[in-house]
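Numbering (our numbering), first residue to last: 1 to 224.
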Amino acid sequence: MKQMIALVGFSRFPIFYDSSGREILGYKCRDEDFNTYVYSLPRGSCAAISSLSNLRYRSRFVVRDIAINPFLRLKELVPRYIYVYPDLEPELVINYSYSLGISLRGPRRPAFIPLLCLRLLEEDEVRALLTTAKARESSIDIEGIISFLNTLGISVESRMMAGGRFLLRLDDPKVSESYEVLVDKEGRVLEVNFCVEMPHQLHVSELVMLARESGEIYVSSPTV
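Next comes the structure, spelled out in structure tokens:
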């Protein structure tokens, strides 16, 4: 079987994608077994996966059946269930989470399929994400980022550096120690002064969630 993905319930007919995430034109795929399987699924919002490879994994905040881009601007659609071929018992998507998954082009908005939950979001985090994402569809500036962090109960000291970068000192009551992070004007993390695994370049909102999930962090020398 070829590696394929399908979205069901996002349009009149299922949408098929190849193993690299490119949409397959038409409402059927060449693999008859997977095609039959997808059309046998309930018509509700779901994703069907035969296997995954050559895909770029992304992270999103999954809240109320939408996925919020870490830059707090683009809201993507999220299926309620995930089916793994040939199983007919679905996995329920973990809502209110910071998750790793794949993003696919949908008929109206992109769709995000969460595959790995990195953190379950707390109530104040959900409120802050929804408030910020609802107000903005374009990228936010450093003032907006600091306002978002303050909404989470995080005290922020900001210092502008050369090259339009900003050094933020974050005092989060949910993390063992204050820490520093160097970001660009859009909040991309450039440097941080504690040990954290970053599978891809993080936004400061993601770094905060990873620090909170750890709870105990070990701060090294100042960032700059």
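Built from N, CA and C at the ideal position, the CB exists for glycine as well.
Quick caveat, the model's predicted, so the values are computed rather than measured.
Have a look at the options and flag the residue whose alpha-carbon is nearest the alpha-carbon of residue i.
i, options, result
"S11", "S99, P70, R109 and Y37", "R109"
"S50", "C117, R73 and P86", "P86"
"S176", "Y218, E157 and S155", "Y218"
"S19", "G9, Y57 and G44", "Y57"
"P70", "H200, V156, G215 and S214", "H200"
"V78", "G101, D141, E216 and L41", "G101"
"E186", "D172, R105, C117 and H203", "H203"
"R80", "N150, G163 and A67", "A67"
"V126", "F148, E32 and R105", "F148"
Can you find a heavy atom of the ligand HEM that lies under 7 Å from the Cβ of residue i?
i, result
"L129", "The ligand HEM is not among the ligands present in this structure, which contains no ligands whatsoever."
Would you mind sorting residue i into buried or exposed? The rule is 16 or more other CB atoms within 10 Å of its CB.
i, result
"F13", "exposed"
"N193", "buried"
"C195", "exposed"
"T132", "buried"
Helix, strand or coil for residue i per DSSP?
i, result
"M209", "helix"
"D171", "strand"
"S103", "strand"
"S32", "Note that residue 32 is Glu in the sequence shown, not Ser. Three-state result, E32: helix."
"S97", "strand"
Does the beta-carbon distance from residue i to residue j come in below 8 Å?
i, j, result
"Y83", "C46", "yes"
"M198", "R119", "no"
"V63", "L130", "yes"
"L167", "Y179", "no"
"A128", "L152", "yes"
"I24", "F34", "no"
* **Secondary structure, alpha helix (DSSP H): runs of 4+ residues fully inside the region 111 to 185** => The qualifying runs are 123 to 135 and 142 to 151.
* **Every unbroken alpha helix (DSSP H) within the region 16 to 83, with a cutoff of 4 residues, ordered by chain** => 32 to 40
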